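A.B. asks: Chains as they are written, first to last, in our numbering: chain A, 901 to 1208; chain B, 343 to 699. Could you have a look at this structure, given as structure tokens, before my questions?
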């Protein structure tokens, strides 16, 4: 599917949510579709998958409030008393707080960097004719095709040579570099859809190219920036492979995803299930809450983002 | 001088400009300087030249592309190209000296049973994961878009609470794959895990399994988590695609007396085929990767034995655990090749005329 189509998809998606939101409407009786048994079965399956999709997450959250000893005896109990000891343990002793901060710091550099550099390249590719335009576009678009895993060994030594291994700046640059292909691809398609007359008017009024970009075109591209911003935010926040390969030397600089994987291993020795579940909850509840508030934008951002 | 230039510019016959006019040889350093200066600091003499607009545009293009391209070239393109070269060497990764060994690494791959075991697992996931994920995704999406009872003026409608389902199904997609790996490792835990807990509670204690420690079940357990992660994504994607199909097509199908399965196979599926095809390739690539969940969830990262070892994990172990960086990059090249072949086959197999609506 081409980029313009995926952009269309983004725009048409809002309609689709509406058919589902009609549960309160009166259903005329006796007008059921054929295959009543099938219908019951299908609906039961829908409910079953709700349990499947949310069940493990709810189970983790409930258990994060329970005592480690109790969890081992019975995986399904309810918390007998609300104690937040697990959370304080996970936050300070298992270093989840530090890991979350590390992730936040890296993201604070990589996300704005990705958005800015990606938009800059995309804008030039989309709206200027120059020799090599097509080549540069294909260079970026081609980057979406190949797996990071192939590049990881040489990348490790490139980082090492630049002294960027096990540093936050290095991770930021790697995140930006590997987010650029899709960001540029998506934003190029987006900038092409914007009317050129506005930019022309700005030029006639004497605005420089740079000014036209920052003050006219970038604000006009806000819907696209939001979609790709959500895509990059979740992708970079959840990134596991790059930090594992490029940032595993200093334990105190580990990111949240690394910290959780580590906690899962150490929990095996110490049997501190409570702290593990609390750590998992700390990592996933904020993301889930944000998702539920902005669920339409997140769904659109991710699905528009994935269909290349 | 400046006046002259403007006069020249106004001439309508200026389509083929005489090269040197307005740019005396001595001005070239000035132009070079202007290229590296912001517009506001450009020397007046350059600004008044009729070719200034082109210079301004190219200066803008170059400066805007410079940083993204440099970062991209250093961290993405150069490692990618180096990988092909290193795959022909016996580089350990520990020291900087290595020898060119030609295709030795590839020959070694052919005889490496561990590699083949990993490839077998990867290909199994490549085939099974898209079938399960896209199949269930299509089923759920169709239910949410067209599974409901017919309401008064609507030929087709989703089930009650479709919006709610879509929100919940998408949960796994927003949380990190690292979290998913840890959560499911806990779910599968034979003693404290709820999976066996449910079986025991239902009186099926004999079915309780050592999910990740049994070589026969481990890969299936990984496959399930892989599908679990992505189904919500495809439900949302396919719902959006189905939602953009015009309602009157469904009305016509309904008038012709089409049942729901017929409607699905004859109307919905052909109309969203493009999306399904893209989704298939995307899911296949995700399944070929499957690095994080195997690395986090399974015993010894790919065990027990080699039962869940997938090719990316094999590559990672070769590169970073045993110091065979050259060999590992050869594995990477083969993996890339498999990905390409898979994508090409899928494109060719599912090629059909695009239906416009």
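Note that the Cβ used here is the ideal one computed from N, Cα and C, for glycine as well. Keep in mind it's a predicted model, so treat the numbers as computed, not measured.
Under 7 Å, CB to CB, which of the residues in the segment 957-984 of chain A have a partner in chain B?
C.D. replies: Of all residues in the segment 957-984 of chain A, 957, 959, 960, 971, 972, 975, 976 have a Cβ within less than 7 Å of some Cβ in chain B.
A.B. asks: Taking any Cβ of chain A, which residues in the segment 614-634 of chain B have a Cβ under 7 Å from it, in chain order?
C.D. replies: The segment 614-634 of chain B vs chain A, Cβ under 7 Å: 616, 617, 620, 624, 631, 633, 634.
A.B. asks: Which one of B:541, B:549, B:575, B:530 has the shortest CA to CA distance from residue 555 of chain B?
C.D. replies: The residue with the shortest Cα to Cα distance from residue 555 of chain B is B:530.
A.B. asks: Give me the residue from B:570, B:434, B:513 with the minimum Cα distance to residue 1202 of chain A.
C.D. replies: With distances taken between Cα atoms, residue 1202 of chain A lies closest to B:513.
A.B. asks: Do you know how far the Cα of residue 1136 of chain A is from the Cα of residue 411 of chain B?
C.D. replies: Rounded to the nearest angstrom, the two C-alpha atoms are 20 Å apart.
A.B. asks: Going along the chain, which residues of the segment 1090-1109 of chain A sit with their C-beta nearer than 8 Å to a C-beta in chain B?
C.D. replies: Within the segment 1090-1109 of chain A, the residues whose Cβ lies closer than 8 Å to some Cβ of chain B are 1108, 1109, listed in chain order.
A.B. asks: Is the distance from the Cβ of residue 668 of chain B to the Cβ of residue 426 of chain B below 8 Å?
C.D. replies: Taking 8 Å as the Cβ cut-off, residue 668 of chain B and residue 426 of chain B do not qualify as a contacting pair.
A.B. asks: Less than 8 Å separating the beta-carbons of residue 1084 of chain A and residue 1018 of chain A?
C.D. replies: Their beta carbons are under 8 Å apart, which means residue 1084 of chain A touches residue 1018 of chain A by this criterion.
A.B. asks: Looking at the structure shown, is residue 988 of chain A part of a helix, part of a strand, or coil, going by DSSP?
C.D. replies: Residue 988 of chain A falls in the helix class under three-state DSSP.
A.B. asks: Could you work out which residue in B:422, B:510, B:407, B:589 is closest to residue 958 of chain A when comparing CA atoms only?
C.D. replies: Checking every option, the nearest Cα to that of residue 958 of chain A belongs to B:510.
A.B. asks: Is there a C-beta anywhere in chain B that falls below 8 Å from the one on residue 1138 of chain A?
C.D. replies: With 8 Å as the cut-off, residue 1138 of chain A counts as an interface residue toward chain B.
A.B. asks: Distance, Cα to Cα, residue 676 of chain B vs residue 451 of chain B?
C.D. replies: Taking the straight line joining both Cα atoms gives about 9 Å.
A.B. asks: For the structure I just gave you, are there three or more beta carbon pairs, one from the segment 514-522 of chain B and one from the segment 608-617 of chain B, closer than 8 Å?
C.D. replies: Cβ pair count under 8 Å is below three, so no.
A.B. asks: Check each candidate in B:666, B:632, B:537, B:672 and name the one with the smallest Cα separation from residue 463 of chain B.
C.D. replies: The shortest Cα separation from residue 463 of chain B among B:666, B:632, B:537, B:672 belongs to B:632.
A.B. asks: Consider the Cβ of residue 1188 of chain A: report whether some Cβ of chain B lies at a distance smaller than 8 Å.
C.D. replies: By this cut-off, residue 1188 of chain A is an interface position.
A.B. asks: Please name the residue, chosen from A:1204, A:1064, A:1116, A:1184, that lies closest to residue 416 of chain B on a Cα-to-Cα basis.
C.D. replies: For the residues A:1204, A:1064, A:1116, A:1184, the minimum Cα distance to residue 416 of chain B belongs to A:1064.
A.B. asks: So what's residue 1194 of chain A in DSSP terms, helix, strand or just coil?
C.D. replies: Coil.
A.B. asks: Please list the partners that residue 1063 of chain A has in chain B, where partner means a Cβ-to-Cβ separation under 7 Å.
C.D. replies: Under the 7 Å cutoff, chain B gives no residues; its nearest Cβ is about 13 Å from residue 1063 of chain A.
A.B. asks: Using a Cβ cut-off of 8 Å (strictly closer), state whether residue 420 of chain B contacts chain A.
C.D. replies: Yes, residue 420 of chain B counts as interfacial toward chain A.
A.B. asks: Among A:1196, A:1176, A:1190, which one has its Cα closest to the Cα of residue 996 of chain A?
C.D. replies: Measuring from the Cα of residue 996 of chain A, the nearest candidate turns out to be A:1176.
A.B. asks: Which chain B residues sit within Cβ distance under 8 Å of residue 940 of chain A?
C.D. replies: Here the premise fails: no neighbours, minimum Cβ distance about 12 Å.
A.B. asks: Can you list, in chain order, the residues of its chain with a C-beta nearer than 6 Å to that of residue 1090 of chain A? Leave out the 5 residues immediately preceding and following it.
C.D. replies: The residues are 1121, 1124.
A.B. asks: Suppose you measure from the CA of residue 533 of chain B to the CA of residue 523 of chain B; what does that come to, to the nearest Å?
C.D. replies: About 18 Å.
A.B. asks: Quick check on this structure: which residue in B:405, B:650, B:566 has the alpha carbon closest to the alpha carbon of residue 1025 of chain A?
C.D. replies: Among B:405, B:650, B:566, the Cα nearest to that of residue 1025 of chain A belongs to B:405.
A.B. asks: If we define contact as Cβ-Cβ less than 8 Å, is residue 1195 of chain A a contact residue for chain B?
C.D. replies: It does; some Cβ of chain B falls within 8 Å.
A.B. asks: Since residue 1172 of chain A and residue 998 of chain A are thought to touch, with beta carbons under 8 Å apart, how far apart are those beta carbons, to the nearest angstrom?
C.D. replies: Actually they are not in contact, since the Cβ atoms of residue 1172 of chain A and residue 998 of chain A sit about 17 Å apart, beyond 8 Å.
A.B. asks: Leaving out the 5 sequence neighbours to the left and right, which residues in its chain are closer than 8 Å to residue 688 of chain B when beta-carbon positions are compared?
C.D. replies: Result list for residue 688 of chain B: 619, 622, 623, 626, in chain order.
A.B. asks: Compare the beta carbon distance of residue 635 of chain B and residue 475 of chain B with 8 Å and say whether it is the shorter of the two.
C.D. replies: Taking 8 Å as the Cβ cut-off, residue 635 of chain B and residue 475 of chain B do not qualify as a contacting pair.
A.B. asks: At a CB-CB cut-off below 7 Å, which residues of chain A make contact with residue 548 of chain B?
C.D. replies: Those within 7 Å of residue 548 of chain B in chain A number zero; the least Cβ separation is about 18 Å.
A.B. asks: Can you pull the chain B neighbours of residue 1067 of chain A, defined as C-beta to C-beta under 9 Å?
C.D. replies: The premise fails here: residue 1067 of chain A is roughly 14 Å from chain B at the closest Cβ pair, so nothing lies under 9 Å.
A.B. asks: I'd like to confirm the pairing. Which residues does DSSP put opposite residue 431 of chain B in its beta bridges?
C.D. replies: Partner(s): B:442.
A.B. asks: Hey, quick one: how far does the alpha helix (DSSP H) through residue 558 of chain B stretch, first residue to last?
C.D. replies: Looking at the DSSP string, the run of the alpha helix (DSSP H) that includes residue 558 of chain B is 557-585.
A.B. asks: Between residue 1012 of chain A and chain B, is there a C-beta pair that is closer than 8 Å?
C.D. replies: It does not; no Cβ of chain B falls within 8 Å.
A.B. asks: Taking beta-carbon pairs under 8 Å, can you tell me which members of the segment 649-677 of chain B lie near chain A?
C.D. replies: Hits within the stretch, in order: 654, 657, 658, 661, 662, 667, 670, 671, 674, 675, 677.
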